[in-house]
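Engineer: If you're matching positions, the sequence shown starts at 0 in numbering that gives the first Met the number 0 and goes up one per residue. Beta carbons: idealized from backbone N, C-alpha and C, even for Gly.
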Amino acid sequence: MKINIPLSVPGKYKKIYEKNFLEATHKTGNLFLFAGDQKIEHLNEDFSTKLNLGNSQPEHLFKIAEKSNIGVFAAHLGLISRYGEKYKKIPYLVKLNGKTNLVKTQDPLSLALWTVEDTIEFKKQSGLKILGVGYTLYLGSEYENEMMVEAAQIIKKAHQNGLIAVLWIYPRGKNVKEEKSLEILSGAAGVGLCLGADFVKLNYPFDDKESDAKKFQEVIIAGGNTGIICSGGEKIKGEKILKMIKNQNDIAGARGCAIGRNLHQNDLKTAINLANKIKDIISK
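#1: According to DSSP, SER230 sits in a beta bridge with which residue or residues?
#2: Look at the alpha carbon of ILE280 and the alpha carbon of ASN248, and state the distance between them as a whole number of angstroms.
#3: Thinking C-alpha only, which one of VAL218, LYS87 and ASN19 is nearest TYR203?
#4: Enumerated in chain order, which unbroken segments of the beta strand (DSSP E) with a length of 3 residues or greater are wholly contained in the segment 125–151?
#5: With DSSP run on the structure shown, which of helix, strand or coil describes PHE205?
#6: Give the DSSP-derived three-state secondary structure of LEU273 in the structure shown.
#7: I'd like to confirm the pairing. Which residues does DSSP put opposite TRP167 in its beta bridges?
#8: Since I believe ILE228 is in contact with ARG254 (beta carbons under 8 Å), could you give me their beta-carbon distance rounded to a whole number of angstroms?
#9: Return the first residue and the last residue of the beta strand (DSSP E) that LYS94 is part of.
#10: DSSP on PHE46, reduced to helix/strand/coil?
#11: Looking at ARG171 and GLY131, is the spacing between their C-beta atoms short of 8 Å?
#12: State yes or no: is the C-beta of GLN264 within less than 8 Å of the C-beta of LEU50?
Below is the structure:
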């Protein structure tokens, strides 16, 4: 497939960017992102032994990523460094910022814990298959400017080194009246485009109704040629999440999906089976 290589990618890195993009998207332009950044974001609430035995073990995430047809496994650099020696074949996307859910502020702030330079150094040192970086931006927070500056520079530096860049954009704060309104989500998609992101991960405001998916086209259009992928959110039944992803991609026009709890809050066999069904939906 012919891909749109951003002009922020220098000539000598265009082939590297193209290779990373094609591998991450299985040569379709659609990204299946397996989110594994909740160990910081949600602490242990997503991984309690009350859920299932496998999910309480951090390595469960890596086993799913290794044995299923995901596009990238997004996790913090430190977690990847602890298990990466055993899981060298996984395609990784390094999540650069993070915050816990302990600090209950109305206007969230999440600054980078690592840099793109750290990621490049780690990639060379480890030999791991690192295809890109990710960053969460809380749009509407009184601290949004600090995060937007970081996001812009991270995307620029990622592209300068041939890496893809994915933004998690969540409208939050006292200035945001309805964080899942189509108007706000469309604005978030446009911000991701203007910052130069290859993909933007947004919350999907609907359930699995086909009629609602048509309304989400407004958000997709606002994102231009930046790919919009939808977050899976809290765990729901397997068939329902598959229908939702199909509607998001086939009807709304999303370019993939980002799934975390709906995969890892299953036993290994169930998670792998579900992941491969998701891959079939978005990689047509």
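Structural biologist: The relevant details are as follows:
#1: As a first step, residue 230 must be located in the sequence shown, where it is residue number 231. Looking at the DSSP assignment, SER230 forms a beta bridge with ALA257.
#2: Counting from one through the sequence shown, the residue named residue 280 turns up at place 281. Counting from one through the sequence shown, the residue named residue 248 turns up at place 249. Roughly 8 Å between the two C-alpha positions.
#3: Within the sequence shown, numbered from 1, the residue matching residue 203 stands at position 204. Closest by alpha carbon: VAL218.
#4: 128–136
#5: On the sequence shown, residue 205 is found 206 positions in, with the first residue counted as 1. It is coil, neither helix nor strand.
#6: The sequence position of residue 273 within the sequence shown is 274, counting from 1. Three-state result, LEU273: helix.
#7: In the sequence shown, the residue the question calls residue 167 occupies position 168. Answer is THR135 and LYS200, bridged to TRP167.
#8: The residue you call residue 254 lines up with position 255 of the sequence shown. The residue you call residue 228 lines up with position 229 of the sequence shown. Yes, ARG254 and ILE228 are in contact; Cβ-Cβ is about 6 Å, under 8 Å.
#9: Residue mapping note: residue 94 aligns to position 95 of the sequence shown, counting from 1. 90–94 is the span of the beta strand (DSSP E), which, as asked, contains LYS94.
#10: What you label residue 46 is simply residue 47 of the sequence shown in a count that begins at 1. The answer is coil: DSSP assigns PHE46 none of H, G, I, E or B.
#11: One-based indexing of the sequence shown puts residue 131 at position 132. One-based indexing of the sequence shown puts residue 171 at position 172. In this structure, ARG171 does not lie closer than 8 Å to GLY131 by Cβ.
#12: The residue given as residue 264 occupies position 265 in the sequence shown. The residue given as residue 50 occupies position 51 in the sequence shown. Cβ atoms of GLN264 and LEU50: closer than 8 Å.
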